[in-house]
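Report on the structure given below.
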Amino acid sequence: MSYQAEYKKSIETPELFWGEKAEDIHWFKKPQKILSKDENGISRWFADGELNTAYLALDFHVENGRAEQDALVFDSPVTDTKIRYTYKELRDEVAKFAGILKAQGVAKGDRVVIYMPMIPEAVIAMLGVARLGAIHSVVFGGFAPQELAVRIDDAEPKVVVTASCGIEIKKVLPYKPLLDEAIEKSAHKPSSCIVFQRPQVTAELIADRDIDWATAMKTAEPADCVPVKGTDPLYILYTSGTTGKPKGVVRDNGGHAVALKYSMKSIYNMEAGEVFWAASDVGWVVGHSYIVYAPLLAGCTTVVFEGKPIKTPDAGAFWRVCEEYKVKSLFAAPTAFRAIRKEDPDSELLKPYDLSHLKAIFMAGERLDPPTYTWTTETLGKPVIDHWWQTETGWAICGNLTGVEMKEPKAGSSTLPMPGFNVQIVDSEGNELPAGEQGNIAMKLPLPPSCLPTVWGDHERFRTGYLAEFPGYYSTGDGGYKDDEGYVFIMGRTDDVINVAGHRLSTGEMEEIVASHPAVAECCVIGVNDPLKGQQPIGLVLLKNGIELDEKELETELVAMVRKDIGAVACFRKAMVVQRLPKTRSGKILRKLLRQIADGSGYSVPSTIDDPASLPEIEEILTNHGLVSSQ
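In terms of my numbering, the sequence shown is residues 30 to 660.
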């Protein structure tokens with residue numbers, strides 16, 4: 030089938046299309062309702078079907094001839110560790126861990142927060158929760174206690190699962206003190222914490238609350254898979270919101286399993302038995318979808334890598350892993366390839382490796398800039414496929430159906446809408462715009478399977494945040510355009526969420542922290558272009574009257590505050606004192622205008638501005654700090 034035929038069928042007859050795709054997974058009870066509405070009037074997929082995602086990922090393959098095939102290979106250059114798990118071995122570990130959770134009272138619908146580094150136990154914990162029909166919420170390992178506390182209070186987990194430490198190149202980061210502080214800060218208290226002890230750091234366990242993973246596994250009774258409805262939640266994953274309070278994206282079991290199984294063949298051209306590597310982290314949506322669930326649903330071997338594209342030990346790390354495990358498809362953020370290019374511009378570290386098994390490189394998580402696309406394509410001599418998706422969708426909105434019909438990629442474009450995603454470019458009134466004209470990217474309802482049906486515990490936030498702006502559409506919050514062949518070009522966020530090395534971070538949240546400094550009267554945080562990380566946040570700060578201080582010391586203090594409350598992942602390193610901020614007459618800071626100045630893209634002074642003289646002053650400050658891009 031051609032791309033056009035596949036896509037057209039998905040848009041014109043969605044129930045028929047997704048009903049056929051649902052036949053590709055094993056249901057305990059096959060769904061009769063392919064598409065229906067829930068109590069909130071939201072379209073839902075496979076509502077009356079019954080399944081278990083962990084069963085589909087493991088038990089099904091054990092029972093159908095893949096018991097001895099590798100399910101997961103773990104490669105950790107930072108600890109010099111390599112481990113392989115067959116499907117049977119991984120199934121048995123997951124069943125035992127599910128038994129530990131069951132003994133702690135975890136049942137269908139309960140929540141479990143997982144705060145883990147990139148180790149197999151993180152995957153085992155996720156699948157163990159899913160096996161019981163419970164709901165996991167993974168928090169990126171090393172996130173600051175305040176961030177973890179917010180998520181604990183929102184998800185209200187019965188149990189938290191953690192490890193004693195994470196390892197960042199040559200630095201060991203103890204996790205248990207961060208977790209203990211988070212639980213102390215949170216109003217909700219989990220009944221128990223399961224701790225996986227790593228040899229680099231041994232965590233101190235709290236009596237009557239903390240459970241040692243290894244000890245509990247020795248006597249654990251394996252737990253069976255619990256059937257759940259197609260619309261029952263599999264997980265909650267928090268993504269930055271413009272208010273600073275993270276949004277709990279809800280993923281249901283049925284639509285998620287059907288869409289991800291479909292995507293492995295159609296988008297990534299993967300067959301059962303082949304090796305897939307998503308060089309991400311289980312704390313992010315890419316890790317959920319394409320380290321843990323999709324490869325295992327498809328009977329592939331997945332790679333769990335505890336390392337970085339550089340310095341573990343060098344910029345040849347990706348190529349070594351690809352050769353050693355015969356990776357067919359590699360998926361990573363553009364940041365990774367920018368880092369490799371910076372460290373090894375002439376690709377000397379690529380030469381020793383045989384990458385004949387590697388057929389394609391997929392990039393997502395941030396905009397793939399044309400120079401990185403061109404360098405990667407020319408360096409590897411392989412197709413480089415940009416695709417665009419969101420935490421909210423769980424899989425690609427736009428991409429290239431390499432397993433159906435490979436379309437010619439275009440630099441700067443994430444190619445074409447994927448089946449089920451009716452992508453439109455609309456103006457501020459919701460009117461569809463012609464080819465070549467930039468506007469808001471929105472998707473006609475209903476959304477395809479796997480997309481979020483609500484925000485955890487706050488459906489009104491889901492409605493106002495995604496559905497209210499353009500009635501009949503889901504608003505992506507991104508801007509861009511389509512060319513005359515329908516290729517989609519994503520130009521960036523239309524709100525104040527920025528993308529730092531593939532991590533979506535709220536500038537509003539950073540502003541709250543910066544503004545809490547006793548010397549700061551007002552501030553604005555914007556994302557500026559960064560050649561390595563895509564974007565980096567910078568702060569523009571107004572001091573309170575009469576305050577005199579060393580600006581460098583203030584910057585150091587503000588950087589430390591953001592690092593403490595959000596974590597090093599924020600990459601907040603620059604804060605500059607300004608005399609005034611450009612505002613509208615109603616007092617709204619013109620953040621988009623500030624971004625345009627920093628991007629060096631040229632700007633026009635809006636009629637609503639209150640103080641036009643503030644603009645050249647800020648442009649001079651940003652220029653002096655080397656923060657204005659040359660176009």
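Glycine included, each C-beta is placed from N, C-alpha and C at the ideal position.
When rounded, the separation of the alpha-carbon atoms in ILE414 and SER442 is 9 Å. THR42 counts as exposed, since fewer than 16 other beta carbons sit within 10 angstroms of its beta carbon. For the stretch 302-363, the continuous alpha helix (DSSP H) assignments of 4+ residues that do not extend past its boundaries occur at 323-326 and 346-354, in sequence order. Put simply, of THR248, ILE143, GLU421 and PRO251 the residue whose alpha carbon is nearest the alpha carbon of VAL314 is GLU421. Around the C-beta of GLN608, fewer than 16 other C-beta atoms lie within 10 Å, and the residue is accordingly described as exposed.
Contact annotation, VAL168 with CYS222: C-beta distance approximately 13 Å; criterion of less than 8 Å not satisfied.
Taking the Cα positions, HIS532 is about 17 Å away from ILE265. Of the residues assessed, SER358 falls on the buried side of the cut-off, its CB having 16 or more other CB atoms within 10 angstroms.
Boundaries of the beta strand (DSSP E) around VAL188: 188-192. Here the C-alpha atom of LYS473 lies approximately 28 Å from the C-alpha atom of PRO363.
Under the Cβ criterion (8 Å, minimum of three pairs), the stretch 167-181 does not count as touching the stretch 115-135.
In the DSSP assignment, GLY509 falls within the beta strand (DSSP E) that extends over 502-511.
C-alpha of CYS254 to C-alpha of ASN282: approximately 13 Å in a straight line.
Runs of the beta strand (DSSP E) lying entirely within the stretch 416-443 and spanning at least 3 residues, in chain order: 425-428. With fewer than 16 other Cβ atoms inside 10 Å of its own Cβ, GLU300 counts as exposed. Within its own chain, the residues whose Cβ lies closer than 6 Å to the Cβ of PRO324, once the five positions on either side in sequence are excluded, are PHE305 and THR331, listed in chain order. Rounded to the nearest angstrom, the Cβ distance from PRO174 to LEU207 is 5 Å, consistent with a contact under 8 Å. Around TYR84, the same chain offers CYS254 as residues with beta carbons nearer than 6 Å, after the five sequence neighbours per side are excluded. Here DSSP, grouped into helix, strand and coil, assigns ASP281 to strand. Relative to the Cα of VAL484, the nearest Cα in the group ASN528, PRO463, SER643 and PRO275 belongs to PRO275. The beta carbon of LEU462 is closer than 7 Å to those of ILE454, VAL455, ASP456 and GLY468 in its chain, skipping five residues each way along the sequence. According to DSSP, GLU551 shares a beta bridge with LEU571. Membership of GLN625 in the alpha helix (DSSP H) is indicated by the continuous run 620-628.
Judged by their CB atoms, VAL606 and LEU651 are not nearer to each other than the 8 Å cut-off.
One Cα belongs to TYR297, the other to ALA425, and the distance between them is close to 11 Å. For secondary structure counted as the alpha helix (DSSP H) over 4 or more consecutive residues, the stretch 119-190 holds these complete runs in sequence order: 149-160 and 174-184.
Cβ neighbours of GLU118 within its own chain (closer than 8 Å, five residues either side excluded): ALA100. Setting aside the 5 residues that flank it on each side, LYS50 is surrounded in the same chain by VAL287 and TYR291, each with a C-beta closer than 6 Å to its C-beta; the list follows chain order. For PRO374, there are no CB contacts under 6 Å within the same chain when 5 residues up- and downstream are skipped. Excluding sequence positions up to five before and after TYR382, its CB lies within less than 6 Å of the CB of TRP348 and GLU352, all in the same chain and listed in chain order. Here DSSP, grouped into helix, strand and coil, assigns TRP242 to helix. Collapsing the DSSP output to three states places ALA389 in a strand. For the pair of segments examined, the stretch 491-500 was found not to touch the stretch 130-142: the number of CB pairs separated by less than 8 Å stays below three. The C-beta distance from ILE148 to PRO262 rounds to 25 Å, too long to meet the 8 Å contact threshold. When secondary structure is reduced to three states using DSSP, VAL255 falls in the coil class, being assigned neither helix nor strand. The Cβ-Cβ distance between VAL557 and GLY336 does not fall below 8 Å.
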